[in-house]
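Written out below as structure tokens is the structure these notes cover.
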Amino acid sequence: MGVRTLIPEEEHILGGNRACPGCGAVIALRTVTKALGSDFIVVIPASCATIISGKFPATPYNFPVLNMPFETAGAAASGVVAALEVMEKDDITVVSWAGDGGTADIGLQALSGAAERGTNFIYICYDNEAYMNTGNQRSSATPFGALTTTTPTGKVEIKKDLPGIMAAHNIPYIATACSAFPEDLFQKVKKAKTIKGTRYIHVLSPCPTGWRVDSSLSIAVGRKAVSTGMWILYELESGQLKLTGKSKYLIDPAKREPIEEYLKLQGRFAHISDEEIELLQKIREAKWSKILSCTE
Amino acid sequence: MATANTSSKKKKGNKYVIPINVPTEGEAGETGTWRSQRPVLTPEKCIGCFNCWLFCSEVAIKKTNPIEIDLTYCKGCGICATECPVKAIKMVREEDEEKEEE
Amino acid sequence: MPSEGYKNGERRGRGKGGRVMSQEIIATGNSAAALAAKMAKVQVISAYPITPQTSIVETLSEWIERNAYPIKARYVRVESEHSALAVVTAASATGVRTFTATSSHGLALMHEVLHWVGGSRLPIVMAVVNRALGPPWNIWADHTDSLSQRNTGWIQFYADNNQEVFDTVIQAYHVCEDPEVLLPAMICLDAFILSHTVMPLSVPSQEAIDAFLPPYKPEHAYLDPNRPAVLYPMVFPESDLGYPGYMDFQYARQRAMEIARRRIDEVDKEFEKHFGRSHGGMIQPYKCEDAKTLILTMGTLASESAVVVDNLREQGYKVGNVKVRVFRPFPNEELRNIAKNKQTLLIIDRNISFGNEGALFTEVKGALYNLRQRPEIFGFVAGLGGRDVTQIQIEKLVKNAVIATEKGETQENFEWVGLR
Chain A
15 MGVRTLIPEE EHILGGNRAC PGCGAVIALR TVTKALGSDF IVVIPASCAT
65 IISGKFPATP YNFPVLNMPF ETAGAAASGV VAALEVMEKD DITVVSWAGD
115 GGTADIGLQA LSGAAERGTN FIYICYDNEA YMNTGNQRSS ATPFGALTTT
165 TPTGKVEIKK DLPGIMAAHN IPYIATACSA FPEDLFQKVK KAKTIKGTRY
215 IHVLSPCPTG WRVDSSLSIA VGRKAVSTGM WILYELESGQ LKLTGKSKYL
265 IDPAKREPIE EYLKLQGRFA HISDEEIELL QKIREAKWSK ILSCTE
Chain B
11 MATANTSSKK KKGNKYVIPI NVPTEGEAGE TGTWRSQRPV LTPEKCIGCF
61 NCWLFCSEVA IKKTNPIEID LTYCKGCGIC ATECPVKAIK MVREEDEEKE
111 EE
Chain C
105 MPSEGYKNGE RRGRGKGGRV MSQEIIATGN SAAALAAKMA KVQVISAYPI
155 TPQTSIVETL SEWIERNAYP IKARYVRVES EHSALAVVTA ASATGVRTFT
205 ATSSHGLALM HEVLHWVGGS RLPIVMAVVN RALGPPWNIW ADHTDSLSQR
255 NTGWIQFYAD NNQEVFDTVI QAYHVCEDPE VLLPAMICLD AFILSHTVMP
305 LSVPSQEAID AFLPPYKPEH AYLDPNRPAV LYPMVFPESD LGYPGYMDFQ
355 YARQRAMEIA RRRIDEVDKE FEKHFGRSHG GMIQPYKCED AKTLILTMGT
405 LASESAVVVD NLREQGYKVG NVKVRVFRPF PNEELRNIAK NKQTLLIIDR
455 NISFGNEGAL FTEVKGALYN LRQRPEIFGF VAGLGGRDVT QIQIEKLVKN
505 AVIATEKGET QENFEWVGLR
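Structure, rendered in structure tokens:
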């Protein structure tokens with residue numbers, strides 16, 4: 015422990031904003047914007063971030079933001095990038111900041127199109143694992159077994175592997191991150207900034223409201239997601255996969271904390287049965303196998 | 011900077027061509043009124059690790075040594091108290107704090 | 105259509121004393137649209153192919169990729185029309201002039217974003233090749249696609265010849281980018297009848313067009329790290345501190361449409377000064393001054409009707425033709441002025457709003473409702489899905505309508521023409 019010098023002090027998100035107390039997404043965005051520094055434009059499709067962008071005429075965001083319809087994050091970023099190129103201003107970083115709904119579901123086509131075109135932007139998905147802005151309906155990024163308003167007895171499908179889908183697009187940089195590990199996220203955004211082409215970062219953003227977690231445990235639950243191995247931190251750069259942060263030390267399954275440590279913090283898993291926990295363990299093993307098969 | 015927000019309004023209709031939000035502290039109002047518990051610091055215990063500063067979404071923590079807490083926008087989420095490695099911050103219920111002040 | 109007349113294949117719109125250097129070529133409506141976009145120095149284009157719009161995007165892509173383009177430009181190849189319009193919207197919001205094109209189902213797919221663009225007050229110009237919507241699948245001329253979008257807040261022009269397609273794209277940027285207007289515009293051209301039919305085209309020089317059309321310099325919507333601000337946030341029914349609420353922004357759009365009405369006429373006149381030809385502004389009347397009967401149409405039906413007017417005049421009928429060039433904003437005043445002393449109006453719609461009538465019929469009746477003396481108004485639906493509408497058919501409709509008016513038998517005043 016010591017003085018935190020890596021992350022700069024300049025704030026890009028002002029206090030007194032509309033986010034829920036303990037919102038993992040806003041905490042992540044604070045880190046992301048600090049890593050972006052200056053000269054960036056953010057495209058925000060319909061999501062929690064839209065509401066946090068404020069009621070007219072005020073916003074807590076101290077950077078230019080373009081609000082766009084729900085499914086257009088990838089396409090809109092392509093438009094901004096193209097315009098900046100013709101205006102000879104292509105040193106400005108274009109970032110899409112989209113939720114899991116706008117990325118994995120309704121926005122998947124536009125994201126895929128943007129990635130396939132090699133659009134020069136950073137797409138960051140803040141994943142609170144449901145359509146939280148409309149009150150916690152399931153998305154394809156909702157994990158197996160989770161309670162949402164549209165999966166009242168627990169989701170039966172497995173969480174969609176977005177980074178895996180992006181890997182199939184052969185883009186130069188893909189990373190996973192978590193609100194609970196800001197230095198890791200900071201370094202990934204900083205690295206992404208130096209790379210040309212489509213860069214994709216998937217940030218697990220705990221939502222105390224939707225996950226039914228006490229707001230004071232918002233960061234702790236994110237940390238547990240990683241320490242139990244349910245969420246793996248890695249970077250995939252030009253086909254080379256590298257584990258980062260805590261995940262580096264969890265290659266040995268014995269080192270991963272029991273899944274119950276993660277589940278018991280969250281009301282959305284309160285009902286979960288032993289069979290479902292077993293299934294979650296299998297899902298976890300499968301995820302790790304897949305990741306480890308990509309590493310050297 | 012040419013935003014329509016800065017011009018005066020005409021009687022019929024308005025001069026705001028499109029809605030544009032300008033960076034403003036306290037956009038959602040005094041979010042300090044949201045909380046039901048507040049962070050209370052024991053300054054001597056603070057070791058300057060800045061976990062609390064790092065995780066505060068309202069910029070309520072000032073990165074000084076020891077840290078200072080500005081309660082204007084603090085929503086009382088409690089993350090600072092949880093993340094403090096030396097338990098220098100305690101969450102106290104608003105009613106209790108008021109009672110103490112009396 | 106010029107007021108002088110259009111006869112015997114004589115090329116229209118050469119005008120008096122066109123001072124401008126121009127090149128005389130032949131071109132399809134699609135080529136004309138693409139050429140106009142290029143000469144308007146559009147900088148970001150994004151479109152998705154759909155018959156019969158495809159050659160517009162192929163042509164533009166060809167020019168940009170082969171550096172045969174007057175200015176730095178980007179063509180973004182998207183994976184759907186919804187994304188195409190989203191790309192163009194974001195590029196326009198960043199601060200550059202943009203263009204796109206679509207038709208039928210593509211336009212329908214864009215629907216959400218059409219509303220978004222209307223509300224975002226971005227001067228995007230789009231060529232819409234009017235094609236029927238399925239099912240059944242049909243690729244031919246029909247106006248239901250663009251008329252289905254008449255509530256989205258886009259200015260709508262309907263062209264009846266390729267020269268007009270070219271000229272209107274240029275005029276549209278001028279109208280739309282006016283700081284008092286700031287609305288998007290569609291230029292609609294009939295599938296195959298214009299899009300793929302070769303007609304004479306007089307192309308002004310780039311210098312002449314630059315003199316007419318200044319560059320786009322937005323003061324409202326642009327993205328710049330030097331201006332940290334959120335564009336298009338949430339606006340409540342009532343805002344705080346005396347700021348406008350949602351409804352007030354919508355009213356501003358309506359006012360912009362009212363101003364657009366005037367600007368469209370002004371720009372058309374300005375265009376005539378520069379290039380020697382006019383397309384009538386909001387409406388283009390033909391031999392209406394002494395007419396007792398008028399035919400009102402949009403798109404290429406107007407050309408057809410002009411021929412009918414000439415034929416019937418030779419037979420002694422006092423008939424005239426009105427091309428409704430602009431459907432949004434709707435030419436209420438212009439139609440009231442031209443129709444107020446007429447006896448009979450025939451309105452031929454190449455579209456249908458199921459459960460009621462064709463759009464032009466309904467809206468013209470609305471415009472004329474408060475006239476003391478109203479003409480007898482007959483509405484027809486014809487030419488859906490590209491079915492031919494012939495001079496002979498239209499002549500018959502006019503003659504029958506005139507008789508019905510004289511006899512006072514005007515109850516049955518809406519019918520579908522040319523059914524099998």
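Those sequence lines, one after another, are chains A, B and C. So the first sequence is numbered by our numbering: it starts at 15 and just counts up by one. So the second sequence is numbered by our numbering: it starts at 11 and just counts up by one. So the third sequence is numbered by our numbering: it starts at 105 and just counts up by one. We put the CB at the ideal spot given by N, CA and C, even for glycine.
- Where Phe195/A is concerned, there is no enclosing beta strand (DSSP E), because DSSP gives it neither an H nor an E.
- Non-local C-beta neighbours of Ser382/C in its own chain, meaning closer than 6 Å and more than five positions away in sequence, comprise Asp372 and Glu376, ordered along the chain.
- Secondary structure in the stretch 214–270 of chain C: the alpha helix (DSSP H) runs of 4 residues or longer, each lying completely within the stretch, are 215–224 and 248–251 in chain order.
- Following the DSSP letters along the chain, one finds Gln354/C inside the alpha helix (DSSP H) bounded by residues Tyr350 to Phe379.
- Against chain A, a Cβ distance below 8 Å from Thr43/B picks out nothing, because the smallest value is about 10 Å.
- For the stretch 305–325 of chain C, the set of residues with a beta-carbon nearer than 8 Å to any beta-carbon of chain B comprises Glu323, His324 and Ala325, in chain order.
- Distance from the Cα of Leu231/A is smallest, within the candidate group Val69/B, Cys87/B and Thr41/B, for Cys87/B.
- In this structure, Asn31/A places its C-beta atom within 7 Å of the C-beta atom of Ala38/B.
- A Cβ-Cβ distance of about 6 Å is found for the pair Ser184/C and Tyr152/C, placing them in contact under the 8 Å criterion.
- When Cβ-Cβ separations below 7 Å define contact, Leu335/C makes contact with chain B.
- Secondary structure in the stretch 454–492 of chain C: the alpha helix (DSSP H) runs of 4 residues or longer, each lying completely within the stretch, are 463–472 in chain order.
- Cβ-Cβ separation between Asn76/A and Ile58/A: approximately 14 Å, too far for a contact (criterion under 8 Å).
- Residue pairing for His216/A: DSSP places it in a beta bridge opposite Cys139/A and Thr190/A.
- Excluding residues up to 5 positions away in sequence, Tyr145 and Ser153 lie with their Cβ nearer than 6 Å to the Cβ of Gly115/A in the same chain.
- Going by beta carbons, Ser110/A and Val180/C fall outside the 7 Å limit.
- Against chain A, the beta carbon of Pro329/C has neighbours under 8 Å at Ser52, Asp53, Phe54, Ile55, Phe77, Pro78 and Ile106, listed in chain order.
- For Lys301/A, the three-state secondary structure derived from DSSP is helix.
- Looking only at Gly522/C, Asp282/C and Ser309/C, the smallest Cα-Cα distance to His324/C is reached by Asp282/C.
- Taking C-beta atoms under 8 Å as the contact rule, Asp264/C and Lys391/C fail to qualify, at a distance of about 16 Å.
- Under the three-state reduction of DSSP output, Arg201/C falls in the coil class, being neither helix nor strand.
- Counting every other CB atom within 10 Å of its CB across the protein chains shown gives Tyr276/A a total of 16 or more, marking it as buried.
- The C-beta of Ile233/A comes closer than 7 Å to at least one C-beta of chain B.
- Going by C-alpha positions, Gly257/C is about 9 Å away from Trp220/C.
- Short of 7 Å from the beta carbon of Ala89/A, and not among the five residues preceding or following it, lie these beta carbons of its own chain, in chain order: Ala124, Gly127 and Ala128.
- Spatial neighbours of Ala191/A in its own chain (CB-CB distance under 8 Å, excluding positions within 5 residues in sequence) are listed in chain order as Ala42, Asp198, Leu199, Lys202, Ile215, His216, Val217, Leu218 and Leu247.
- A distance below 8 Å between beta-carbons, with the five flanking residues on each side excluded, links Ala206/A to the following residues of its chain, in chain order: Ile136, Tyr187, Ala189, Arg213 and Ile215.
- The beta carbon of Tyr173/C lies closer than 7 Å to those of Lys142 and Trp167 in the same chain, with the five residues before and after it left out.
- Of all residues in the stretch 344–362 of chain C, those with a C-beta nearer than 7 Å to a C-beta of chain A are Tyr347, reading in chain order.
- Judged by DSSP in its simplified three-state form, Thr92/B adopts helix.
- The C-beta of Val69/B comes no closer than 7 Å to any C-beta of chain C.
- Under the three-state reduction of DSSP output, Cys280/C falls in the helix class.
- Remark: fewer than three beta-carbon pairs, one from each stretch, lie closer than 8 Å, so the stretch 45–57 of chain A and the stretch 243–258 of chain A are not flagged as touching.
- The stretch 475–485 of chain C makes no contact with the stretch 411–428 of chain C: fewer than 3 CB pairs, one atom from each, lie closer than 8 Å.
- One alpha carbon belongs to Leu51/B, the other to Cys62/B, and they sit about 11 Å apart.
- Within the model, the alpha-carbon separation for Asn134/A versus Asn184/A is close to 14 Å.
- By the 16-neighbour rule on beta-carbons within 10 angstroms, Asn517/C is buried.
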